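Quick note on this note's numbering: the sequence shown kicks off at 2 and runs consecutively. All C-beta atoms in this analysis are idealised placements derived from N, C-alpha and C, irrespective of residue type, glycine included. Note that the structure is predicted; figures quoted are calculated from it, not measured.
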Amino acid sequence: MSEINETALWRACEPMREDGMAISRYLEQLSGLLFLKACESSGKLTFESFDEENDSLYLPDPYRWDSIIGRTNLSDYEYKNEFAKPIATDKHPSEMDGLERYKEAVEHLKEDGSLAQRAFDQFTPRFNRQSTFVDTIHQIDELQGWNNFGENADLFGDSYEYLLEKYADKAEGAGEYFTPRPLTNAIVKFIEPNIDDEIIDPAAGTNGFLIQSYNYLKNKTDNFSQMKNTDVESHFASREIRTETYRLGLLNYLLHDIDPSDVNAMRGDSLRKEKTSSKEYDLVLANPPFGSDISFKYNRKCDSTIEMNFLMMMMDLLGDNGRAGIVLPEGILFDSSKQPARRELLTEFNLDTILALPEDTFQPYSSVDTNVLFFERDRDGTDEFWFYDARTDYENIKDENPLRYEKHFKDFVEYKNNREECDEYFKVDVDEIEGEEYELHLKKYKEYKYEGYRPPSEIAQDIKKELHTIESELDQLVGDTDD
Numbered sequence: 002m003s004e005i006n007e008t009a010l011w012r013a014c015e016p017m018r019e020d021g022m023a024i025s026r027y028l029e030q031l032s033g034l035l036f037l038k039a040c041e042s043s044g045k046l047t048f049e050s051f052d053e054e055n056d057s058l059y060l061p062d063p064y065r066w067d068s069i070i071g072r073t074n075l076s077d078y079e080y081k082n083e084f085a086k087p088i089a090t091d092k093h094p095s096e097m098d099g100l101e102r103y104k105e106a107v108e109h110l111k112e113d114g115s116l117a118q119r120a121f122d123q124f125t126p127r128f129n130r131q132s133t134f135v136d137t138i139h140q141i142d143e144l145q146g147w148n149n150f151g152e153n154a155d156l157f158g159d160s161y162e163y164l165l166e167k168y169a170d171k172a173e174g175a176g177e178y179f180t181p182r183p184l185t186n187a188i189v190k191f192i193e194p195n196i197d198d199e200i201i202d203p204a205a206g207t208n209g210f211l212i213q214s215y216n217y218l219k220n221k222t223d224n225f226s227q228m229k230n231t232d233v234e235s236h237f238a239s240r241e242i243r244t245e246t247y248r249l250g251l252l253n254y255l256l257h258d259i260d261p262s263d264v265n266a267m268r269g270d271s272l273r274k275e276k277t278s279s280k281e282y283d284l285v286l287a288n289p290p291f292g293s294d295i296s297f298k299y300n301r302k303c304d305s306t307i308e309m310n311f312l313m314m315m316m317d318l319l320g321d322n323g324r325a326g327i328v329l330p331e332g333i334l335f336d337s338s339k340q341p342a343r344r345e346l347l348t349e350f351n352l353d354t355i356l357a358l359p360e361d362t363f364q365p366y367s368s369v370d371t372n373v374l375f376f377e378r379d380r381d382g383t384d385e386f387w388f389y390d391a392r393t394d395y396e397n398i399k400d401e402n403p404l405r406y407e408k409h410f411k412d413f414v415e416y417k418n419n420r421e422e423c424d425e426y427f428k429v430d431v432d433e434i435e436g437e438e439y440e441l442h443l444k445k446y447k448e449y450k451y452e453g454y455r456p457p458s459e460i461a462q463d464i465k466k467e468l469h470t471i472e473s474e475l476d477q478l479v480g481d482t483d484d
């Protein structure tokens, strides 16, 4: 048995990597298998009876995990109803191999309750070889903790998020849907969700903000275990436009012991959906997409950039005294075309804090400088607000995200109520802002010498290593020629 830890699921993907699958493909395939296994192991989702009126899952015996992995003898199996019959083949289950049974499981789940239909929408098993499939399911089956899934949910969840982080680092474009966990942790701790808050993430990706909120509430609430099945999860709402990412997010919920069927988790364009909705929330947490133009405008104040449309939408989502913690690109704080959004932010909301994030916060998948805005709906507007400068000197960390909670965000959270005692916090009066077209760019109020250049000594060391590599390869070529 393999101990479940941060690298356990990464190792479970080894058969698929060796078979030549790209990380985007094998993470998708792993997610389908994990969803099936976790549903059986969690006890939250039943496989005992088919009920069209709820989100319980029903699978006939031949398509459950033990049958797929080969622990069930199906030679004398008789179909109990029409739903139990194969969909994609005429074979009797006893004649199918494990991969064929798994494909049947997926086809049956696509016709099951809404949760299964959402999870497996547009999903297709894509294993090139039966041997790769067999090796993979045995790797998953041998992970410790399935028998006590509820007690080990944090381990499974953390392991899966480690895999998602790997995906964000390595797959082109994937980082757009993953917010580094040190940052989500800091934002949630700073904003301090309440147990009865209705919380939405309209650009949910893999649901990191809502899962972190769930963990925060679990750790701070004494009777959480009695409340969680009735109130907490039903207060969550998430929106994700991409089918593949939406599926990853549902599984991320499940592996963190959050029942996805209790969450208002929807796939679709939140800008269009929320434009026609009157629903308001106590808390908005999000890292919306940025850096692209769209043809749709949420309202007349918006320009064509997706980040401004999301900001205006998220401000509308807040009810009275509703609060927000939102990651935004730096340009929205000073670009003249974004002035209407900044004006509304300062006159109809109380802007509490702007957290200036370290350079390369979203490396290696984006080099855009970003900030987090914390604000609350308040008709009296903003009198003063705080900056927290989390920018740091250059760090030569390649091919991985450089953020560390202890280094970059610990003081930001711990000095929230004693800001005068922390050098990185400083206050700005709103009167200084109004004459500058509501410009909120940190660099207007604080000097910073960082220019983004690497230290010359590090550059020299890299050049030296490259020259040594070239010299070694040339020597080998010359030797091959002499032979």
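Output the distance between the C-alpha atoms of residue i and residue j, rounded to the nearest integer angstrom.
i, j, result
"S42", "N351", "46 Å"
"I355", "N129", "49 Å"
"A205", "S278", "18 Å"
"K104", "A89", "8 Å"
"P94", "P87", "8 Å"
"I200", "H257", "17 Å"
"P16", "T137", "6 Å"
"Y395", "D370", "With a pLDDT of 47 at Y395, under the threshold of 50, the modelled position of this residue cannot be trusted; read the value that follows with caution. Roughly 14 Å between the two C-alpha positions."
"Y247", "F291", "19 Å"
"M97", "L144", "25 Å"
"Y59", "K111", "11 Å"
"D379", "L346", "10 Å"
"E193", "I24", "35 Å"
"L404", "L75", "51 Å"
"L358", "V373", "7 Å"
"D91", "F124", "21 Å"
"R543", "F191", "There is no way to answer for residue 543, as the model of the chain reaches only from 2 to 484."
"L255", "L116", "11 Å"
"I242", "N253", "16 Å"
"L468", "E360", "29 Å"
"S239", "Y439", "31 Å"
"T180", "L329", "12 Å"
"A325", "D197", "16 Å"
"K298", "L312", "12 Å"
"V233", "Y215", "8 Å"
"W387", "K408", "20 Å"
"E422", "V429", "16 Å"
"L35", "I141", "8 Å"
"M316", "G158", "31 Å"
"I70", "F134", "10 Å"
"D304", "F225", "43 Å"
"S337", "E308", "14 Å"
"W66", "G146", "16 Å"
"L211", "E29", "21 Å"
"L334", "I471", "46 Å"
"A528", "S68", "Nothing in the structure corresponds to residue 528, since the chain is present only between 2 and 484."
"A175", "Y168", "Here A175 scores only 45 on pLDDT, less than 50, and its place in the model is too uncertain to base an answer on."
"E19", "S132", "11 Å"
Under the assumption that residue i contacts residue j (Cβ atoms under 8 Å), give the Cβ distance between them as a whole number of angstroms.
i, j, result
"G250", "D283", "Going by Cβ atoms, the distance from G250 to D283 rounds to 21 Å, so no, they are not a contact pair."
"A391", "F413", "6 Å"
"V235", "D202", "With the sequence shown as reference, residue 235 is identified as Ser, and Val is not the correct amino acid for it. Contact doesn't hold; Cβ gap of about 15 Å is too wide."
Residue i bridges to which residues according to DSSP?
i, result
"Y486", "Because the chain in this structure spans residues 2 to 484, residue 486 falls outside the shown range and cannot be described."
"E241", "R268"
"A357", "N372, D390"
"F427", "F388"
"L10", "Paired residue(s): none; L10 is not in a bridge."
"N351", "E377"
"R324", "L284, E377"
"P330", "T371"
On a CA-only basis, which of the options is nearest residue i? Give me that one, please.
i, options, result
"P61", "R243, Y254, R102", "R102"
"F237", "D260, F386, K221, L31", "D260"
"E83", "H442, H109, G71, W66", "H109"
"T393", "G382, T362, S368, F386", "T362"
"K81", "P63, N149, D67", "P63"
"L184", "Y406, C423, E415, I471", "Y406"
"N310", "N322, P341, R119, L286", "P341"
"N148", "G332, D223, N419, C40", "C40"
"Q213", "F121, I307, L286, S368", "L286"
"T195", "D122, Y161, L218, N208", "In the sequence as presented, Thr is not what sits at residue 195; that position holds Asn. Checked all of D122, Y161, L218, N208; the closest Cα to N195 is L218."
"Y389", "R344, T383, D381, K411", "K411"
"G332", "E29, H442, A85, T383", "H442"
"D353", "D336, D432, D384", "D384"
"D432", "G382, E425, N418", "G382"
- Item | Contained beta strand (DSSP E) runs [length at least 3] in the stretch 282–313, N- to C-terminal order | 282–287
- Hey, which unbroken runs of the alpha helix (DSSP H) at 4 residues or more fall wholly within the stretch 176–218? 182–192
- Query: What residue ranges within the stretch 117–171 form continuous alpha helix (DSSP H) runs of no fewer than 4 residues, ordered along the chain?
  - Reply: 131–142, 154–171
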